[in-house]
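Following: one structure in structure tokens, then a few remarks.
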Amino acid sequence: MQSTIPNEAEQLVACSRRGLWVALVLMLALLADALIVNLYPDGAAALVASRMALLLPVGIVVAVAWLRSSLKGVRSDAGSPAMQSMLNDDLRQQSLRLAYRNGLFAVLFAQPLLGLLLAAAGPPQPIMLMASATALLGVVAVVGSLLAHDR
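Last residue of the sequence shown: 153 in this note's numbering, with the numbers rising by one and none dropped.
In structure tokens, the structure reads:
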């Protein structure tokens with residue numbers, strides 16, 4: 003039976019992917035909170051969403067601590083050779099370029115759709131809803147696309 007021990011670069015790549023998944027989940031939670039608070043500002047759902055948003059910093063701290071502990075002694079400073087090999091990987095650079103492009107297209111295509119939907123729906127604060135939905139949609143599109151294109 004052969005055992006393979008991952009090297010430092012592989013551990014950093016795995017930690018980076020876990021970090022992207024955590025970021026994606028946190029951004030989706032922020033998007034849901036922004037939509038609920040902006041669409042139903044006086045409803046009970048907005049009150050619950052506002053209370054749940056107070057727990058978000060705790061979730062971020064727990065996620066960062068979990069990600070940091072998953073490195074298991076690997077040096078994660080920007081000057082380490084393992085980090086440099088991960089950051090300078092050609093496939094990763096290509097994935098980043100594709101993710102940025104997909105995020106830009108998602109934001110550009112969302113603008114007219116959100117404008118039409120918000121004009122028809124008539125929410126209380128349409129500009130705030132459009133701004134928050136556009137910004138979070140762009141981030142979610144970039145992170146999701148990066149996860150899809152990266153190894």
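All C-beta atoms, glycine included, are put in the ideal place defined by N, C-alpha and C.
State the CB to CB distance for the pair residue i and residue j, rounded to an integer number of angstroms; the pair is presumed to be in contact (CB under 8 Å).
i	j	result
Leu-179	Ala-135	With the chain covering only 3 through 153, there is no way to say anything about residue 179.
Val-39	Ala-46	In fact, because the Cβ distance is near 12 Å, the residues do not count as touching under 8 Å.
Ala-97	Asp-152	In the sequence under discussion, the amino acid at residue 97 is Ser, which differs from the Ala named in the question. With 8 Å as the limit, Ser-97 and Asp-152 qualify as a contact, their Cβ atoms being about 4 Å apart.
Leu-149	Met-85	The Cβ separation is near 20 Å, so there is no contact.
Gln-69	Arg-20	Before going further, note that residue 69 is Leu rather than Gln in the sequence given. Leu-69 to Arg-20, Cβ: 6 Å. Contact.
Leu-138	Leu-28	So it is not a contact: roughly 10 Å between Cβ atoms.
Leu-120	Pro-128	4 Å
Answer with buried or exposed for residue i, where buried requires no fewer than 16 other C-beta atoms within 10 angstroms of its C-beta.
i	result
Gly-81	exposed
Asp-35	buried
Ser-147	buried
Ala-122	exposed
Met-101	At residue 101 the sequence reads Ala, which differs from the Met that was named. The residue is buried, with at least 16 neighbouring Cβ atoms inside 10 Å.
Leu-131	buried
Ala-67	exposed
So what's residue i in DSSP terms, helix, strand or just coil?
i	result
Ala-31	helix
Tyr-102	helix
Gln-127	coil
Arg-53	helix
Val-15	helix
Leu-148	helix
Ser-71	helix
Arg-20	helix
At a cut of 8 Å, does the region 61-73 reach the region 16-28 through at least three beta carbon pairs?
yes
Could you say if the region 137-144 and the region 91-111 meet the contact criterion of at least three C-beta pairs nearer than 8 Å?
yes
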